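*Asks:*
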Amino acid sequence: MSAPADYEKLGAFYLGRPWDPASEQPTGGPLLYDGRHLTTHAFCVGMTGSGKTGLCLSLLEEAALDGVPAICIDPKGDLGNLLLTFPELRPADFAPWIDPGEAARKGQSIEQRAGEVAALWKSGLGAWGQDGARIGRFRDAVDLAIYTPGSQAGLPLAVLGSLGAPPPGLDAESLAEKVAAAVGGLLTLLGVEADPVQSREHVFLSNLFHHAWSRGQSLDLGGLVRAILEPPLQRVGVLDLETFFPAKDRQALALRLNGLLASPGFASWLEGEPLDVQRLLWTAEGKPRLSVLSIAHLSEAERQFFVTLLLEEVIAWMRAQPGTTSLRALLYMDEVFGFLPPVKEPPTKRLFLTMLKQARAYGVGTVLATQNPVDVDYKALSNCGTWLLGRLQTERDVDRVMDGLAGAAAAAGTTFDAGATRRTLAGLRSRVFLMNDVHEEAPVLFHTRWAMSYLRGPLTRQQIGQLMAERKAGVDAAPSPGGLGAGAAATGTGAGAAGAGAAGAGASGAGAGASAAAA
0 MSAPADYEKL GAFYLGRPWD PASEQPTGGP LLYDGRHLTT HAFCVGMTGS
50 GKTGLCLSLL EEAALDGVPA ICIDPKGDLG NLLLTFPELR PADFAPWIDP
100 GEAARKGQSI EQRAGEVAAL WKSGLGAWGQ DGARIGRFRD AVDLAIYTPG
150 SQAGLPLAVL GSLGAPPPGL DAESLAEKVA AAVGGLLTLL GVEADPVQSR
200 EHVFLSNLFH HAWSRGQSLD LGGLVRAILE PPLQRVGVLD LETFFPAKDR
250 QALALRLNGL LASPGFASWL EGEPLDVQRL LWTAEGKPRL SVLSIAHLSE
300 AERQFFVTLL LEEVIAWMRA QPGTTSLRAL LYMDEVFGFL PPVKEPPTKR
350 LFLTMLKQAR AYGVGTVLAT QNPVDVDYKA LSNCGTWLLG RLQTERDVDR
400 VMDGLAGAAA AAGTTFDAGA TRRTLAGLRS RVFLMNDVHE EAPVLFHTRW
450 AMSYLRGPLT RQQIGQLMAE RKAGVDAAPS PGGLGAGAAA TGTGAGAAGA
500 GAAGAGASGA GAGASAAAA
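Be aware that the sequence shown starts at 0, since it is given in numbering that gives the first Met the number 0, and climbs by one per residue.
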């Protein structure tokens, strides 16, 4: 077991221990990852049960302990587990979060199952040189919050405020990018597949936004409907307006947008805190914040819309910061499938490419994860300096990962042993990962540590509401850990409750993690 002094070092992220494939045992001291390497971004891939979620949450925990804030996009609902951290590790802390069905299948009451899990967590943490005191330091290090755009379940976000005019003095290129993102996201929300160059709708709306924003005028959706019907433009390019986009077709587009405005659920997009990146990363007092943006409840079109606007806001905020070589903040997405595809061009793809190519200069690390490697653009991921590779499902998945590693090595001016890497990937077990870091001399095989967060699986909207109830009520005092989940809620500084993570989400993952931790 590693003593805390072995891994509690500034800038060093404790992710696990080196793994010996011959003995199938962790070996030596802790594996410490240099957090500064995240400024060149990271990509984590692994099939269900590989331990990908536990590893990524551990990375976020380490960043938080180092005072690095993070914006975490959560399409599946797992990242709310970061708020489940229990320094006392009492059965009563876990009980509100135990799955009744899991307890019943084991022939146990909730209380019995909670006692068993609490003991398991305590021993699992101890096997990896951790304890409740470290969980307490995590809770003290950051503010934790779950935001639910388009829903009142967690903390709502007034997303559509980001359609307001950008600040004066924005350069022409940045203005064009912001217009393209706003229009692309809006058309995605309307269900219109629109190419930025060939789509009449995209070109027309872009001209409307550019006309308003270049004059410092905000354009809400009501104003946009009116502008579509009575445009402040006579021409689009060299064509007169009626030739380019006849009035009857503009009316159809306006009716479609008006239908969105009139829908019962639309008001939820207008309520809550503004979509302000500075507020998502730090409290008003300057304390780092770990913001989980839960989008599991949204439709695919709504997810694309929200992530598009969020990324545009992150890029605008980022470009206003001074350059740095230190890790200033993290942007993490738990499942990037559909947002960075190899062929299609959703609005999010261009924005992720911008982050991967430019964020390093501002100290903003981008961490992307997926269990669907064949559905991600590996040319884009060649910009990632760190690859965390877990068990893969098919040979095709391995082939795509190998292509990506080759691209990353070429981009960094390094080489990698393709044959050895392929053989290693073929023999991976749960919670064992191959780390390929272009800043290091050779890849490292390692076993992930026990996560401090209780990986109980995706949270329901009701559970998110319980965690955020006091925050929504404006109460700043942090509750006692045992009150969480029973209806009390996490809030304020170091809000949360929690535990230790295992290989995968849920109780079955916990069992796998226990046996591995004891190894």
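For glycine and all other residues, C-beta sits at the position ideal for the given N, C-alpha and C.
Keep in mind that this is a model prediction, so the values were computed, not measured.
Output the boundary residues of the beta strand (DSSP E) element that contains residue 288.
*Replies:* Taking the sequence shown and counting its residues from 1, the one referred to as residue 288 is at position 289. Element bounds for residue 288: 288-293.
*Asks:* Considering only their Cβ atoms, is the gap separating residue 415 from residue 30 smaller than 9 Å?
*Replies:* Within the sequence shown, numbered from 1, the residue matching residue 30 stands at position 31. Within the sequence shown, numbered from 1, the residue matching residue 415 stands at position 416. Against a cut-off of 9 Å, the Cβ pair of residue 415 and residue 30 comes out as no contact.
*Asks:* Excluding sequence positions up to five away, which residues of its chain have a Cβ less than 6 Å from the Cβ of residue 320?
*Replies:* Your numbering for residue 320 matches position 321 in the sequence shown. These residues qualify, in order along the chain: 361.
*Asks:* Spatial neighbours of residue 241 within its chain, please: CB distance less than 6 Å, with the 5 preceding and 5 following residues excluded, ordered by chain position.
*Replies:* Within the sequence shown, the letter at position 242 stands for residue 241. No residues qualify anywhere along the chain.
*Asks:* Considering only the beta carbon of each residue, do residue 121 and residue 78 sit closer than 9 Å?
*Replies:* Here residue 121 refers to the residue found at position 122 of the sequence shown. Here residue 78 refers to the residue found at position 79 of the sequence shown. No. Outside cutoff.
*Asks:* Locate the alpha helix (DSSP H) running through residue 210, then write down its first and last residues.
*Replies:* Translated into the one-based positions of the sequence shown, residue 210 becomes position 211. That run of the alpha helix (DSSP H) goes 199-212.
*Asks:* What is the residue span of the alpha helix (DSSP H) that residue 257 lies within?
*Replies:* Translated into the one-based positions of the sequence shown, residue 257 becomes position 258. Run containing residue 257: 246-261, per the alpha helix (DSSP H) assignment.
*Asks:* What does the alpha-carbon distance come out to for the pair residue 216 and residue 268?
*Replies:* Translated into the one-based positions of the sequence shown, residue 216 becomes position 217. Translated into the one-based positions of the sequence shown, residue 268 becomes position 269. Distance between the alpha carbons of residue 216 and residue 268: 21 Å.
*Asks:* Are the CB atoms of residue 90 and residue 114 nearer to each other than 9 Å?
*Replies:* Here residue 90 is taken as the residue at index 91 of the sequence shown, counted from 1. Here residue 114 is taken as the residue at index 115 of the sequence shown, counted from 1. Yes, they are a contact pair.
*Asks:* Taking the Cβ atom as the reference point for each residue, do residue 400 and residue 354 lie within a distance shorter than 9 Å?
*Replies:* Residue mapping note: residue 400 aligns to position 401 of the sequence shown, counting from 1. Residue mapping note: residue 354 aligns to position 355 of the sequence shown, counting from 1. No. Outside cutoff.
*Asks:* Go through its chain and collect everything with a Cβ distance to residue 177's Cβ below 8 Å, but skip five positions before and after it.
*Replies:* Residue mapping note: residue 177 aligns to position 178 of the sequence shown, counting from 1. Same-chain partners within the cutoff: 165, 169, 212, 311 and 315.
*Asks:* Spell out the partners DSSP gives residue 272 in its beta bridges.
*Replies:* For the purposes of this step, residue 272 is taken as the residue at position 273 of the sequence shown. Looking at the DSSP assignment, residue 272 forms a beta bridge with 156.
*Asks:* According to DSSP, is residue 151 helix, strand or coil?
*Replies:* Residue mapping note: residue 151 aligns to position 152 of the sequence shown, counting from 1. It is coil, neither helix nor strand.
*Asks:* For the beta strand (DSSP E) containing residue 16, name the first residue and the last one.
*Replies:* Against the sequence shown, residue 16 aligns to sequence position 17. Residue 16 -> beta strand (DSSP E) spans 11-19.
*Asks:* Classify residue 92 as helix, strand or coil using the three-state DSSP reduction.
*Replies:* What you label residue 92 is simply residue 93 of the sequence shown in a count that begins at 1. Note: residue 92 maps to helix in three-state DSSP.
*Asks:* How is residue 481 classed by DSSP in three states: helix, strand or coil?
*Replies:* Position 482 of the sequence shown holds residue 481. With a pLDDT of only 37 at residue 481, under the threshold of 50, the placement of this residue in the model should not be trusted; the figure read from the coordinates follows. Of the three classes helix, strand and coil, the one that applies to residue 481 here is helix, per DSSP.
*Asks:* Kindly list the residues whose CB is nearer than 7 Å to the CB of residue 234, restricted to its own chain and excluding five residues on each side of it in sequence; keep chain order.
*Replies:* As a first step, residue 234 is located in the sequence shown; it is residue number 235 there, counting from the start. These residues qualify, in order along the chain: 240.
*Asks:* With DSSP collapsed to three states, give me the class of residue 474.
*Replies:* Position 475 of the sequence shown, counted from the start, is the residue given in the question as residue 474. Low per-residue confidence applies at residue 474: pLDDT is 44, beneath 50, and the placement is therefore not dependable, though the value from the model is reported in the following sentence. Reduced to three states, the DSSP call for residue 474 is coil.
*Asks:* Given 8 Å as the limit, is there contact between the region 128-148 and the region 52-69, that is, 3 or more CB pairs closer than that?
*Replies:* At 8 Å Cβ cutoff, the stretches touch.
*Asks:* How should residue 323 be labelled, buried or exposed, when 16 other C-beta atoms within 10 angstroms of its C-beta is the threshold for buried?
*Replies:* The residue labelled residue 323 in the question sits at position 324 within the sequence shown. The residue is exposed, with fewer than 16 neighbouring Cβ atoms inside 10 Å.
*Asks:* Go ahead and label residue 365 buried or exposed: buried means 16 or more other beta carbons lie within 10 angstroms of its beta carbon, across all protein chains shown.
*Replies:* For this step, residue 365 is matched to residue 366 along the sequence shown. Residue 365 is buried by the Cβ-count criterion.
*Asks:* Tell me, which residues are paired with residue 71 by DSSP?
*Replies:* Counting from one through the sequence shown, the residue named residue 71 turns up at place 72. 291 and 331, per the DSSP bridge assignment.
*Asks:* Rounding to the nearest angstrom, what Cα-Cα distance links residue 485 and residue 331 in this structure?
*Replies:* The sequence position of residue 485 within the sequence shown is 486, counting from 1. The sequence position of residue 331 within the sequence shown is 332, counting from 1. Only weak support exists for where residue 485 lies, its pLDDT of 33 falling under 50; the value from the coordinates is given anyway. Between residue 485 and residue 331, the C-alpha separation is close to 29 Å.
*Asks:* Residues in the same chain with beta-carbon distance under 6 Å from residue 15, minus the five sequence neighbours each way, listed in chain order, please.
*Replies:* By 1-based counting over the sequence shown, the position of residue 15 is 16. For residue 15, where only same-chain residues beyond five positions count, the Cβ hits under 6 Å are 30, 445, 446, 447 and 448.
*Asks:* Given residue 210, which residues of its chain have a CB within under 7 Å of its CB, disregarding the five upstream and five downstream residues?
*Replies:* Indexing the sequence shown from 1 puts residue 210 at position 211. Excluding residues within five positions, the ones whose Cβ falls inside 7 Å are 231 and 232.
*Asks:* Give the secondary structure of residue 80 by DSSP, where H, G and I count as helix, E and B as strand, and everything else as coil.
*Replies:* Here residue 80 corresponds to residue number 81 of the sequence shown, with the count starting at 1. Here residue 80 sits in helix by DSSP.
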